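So the sequence shown is numbered by our numbering: it starts at 41 and just counts up by one.
Where a beta carbon is used, it is the ideal one built from N, C-alpha and C, also for glycine.
Here the structure is a predicted model, which is why all the values come from computation and not from measurement.
Please read the structure below before turning to the comments.
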Amino acid sequence: MSISLDGITLPQALVWADEYEWSPVSQGVKKTLTGALIVVEQKQLKGREITLQGDPESTWINKADLELLRAKANTADLTMTLSYHGTNYSVMFLRSQTPIDAQLIVPFENPQPDDVYNITLRLMEV
Numbered sequence: 041m042s043i044s045l046d047g048i049t050l051p052q053a054l055v056w057a058d059e060y061e062w063s064p065v066s067q068g069v070k071k072t073l074t075g076a077l078i079v080v081e082q083k084q085l086k087g088r089e090i091t092l093q094g095d096p097e098s099t100w101i102n103k104a105d106l107e108l109l110r111a112k113a114n115t116a117d118l119t120m121t122l123s124y125h126g127t128n129y130s131v132m133f134l135r136s137q138t139p140i141d142a143q144l145i146v147p148f149e150n151p152q153p154d155d156v157y158n159i160t161l162r163l164m165e166v
């Protein structure tokens, strides 16, 4: 199975780091003046965070594809399709954090399109 974001092929070894940290149920808890507890729960329809992380030793993307991702990250209100090992998700970049972290594997003064980076992508299901 492969991983892609709006047709941009991503490294197959990217790991969904926070896959099981989201709950489809939100909860609000309040105490009244008498000490009684009021609990309100509601199903969340969307908003699941999807953080894709790579191992710096083996999960790389070339600069040309990284620039395509950055162009998408710099576009407001862009909804994309993430294909993750056979399942499609409608996503946007998560802007409450840095949407894309990228580190050049071998530092050069002037990286070329085929030089490789380790990346972390922060997305949100919409």
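Under DSSP, the alpha helix (DSSP H) around residue i begins and ends at which residues?
i, result
"ARG110", "103-113"
Return the Cβ separation of residue i and residue j in integer angstroms, given the expectation that the two are a contact with Cβ distance under 8 Å.
i, j, result
"LEU36", "LEU45", "Since the displayed the chain opens at 41 and closes at 166, residue 36 lies outside it and no answer follows."
"TYR157", "GLN143", "6 Å"
"VAL79", "VAL69", "5 Å"
"THR119", "SER130", "6 Å"
"PHE133", "ALA113", "5 Å"
So, with DSSP's three-state summary, where would you put residue i?
i, result
"ASN150", "coil"
"ALA57", "coil"
"ASP117", "coil"
"ALA76", "coil"
"ILE43", "strand"
"ASP141", "strand"
"TRP62", "coil"
Along the beta strand (DSSP E) that carries residue i, what are the first and last residues, could you check?
i, result
"TYR129", "127-133"
"THR121", "120-124"
"MET164", "156-165"
"LYS86", "First-last for LYS86: undefined, no H or E at that position."
"SER66", "65-71"
"THR49", "48-50"
Buried or exposed: which applies to residue i, given that a residue is buried once 16 or more other Cβ atoms fall within 10 Å of its Cβ?
i, result
"ASP105", "buried"
"PRO153", "exposed"
"TRP62", "exposed"
"THR99", "buried"
"TYR124", "buried"
"GLY94", "buried"
"PRO51", "buried"
"PRO96", "exposed"
Three-pair Cβ contact test at 8 Å for the segment 89-96 versus the segment 147-162: Result yes; three or more Cβ-Cβ pairs closer than 8 Å.
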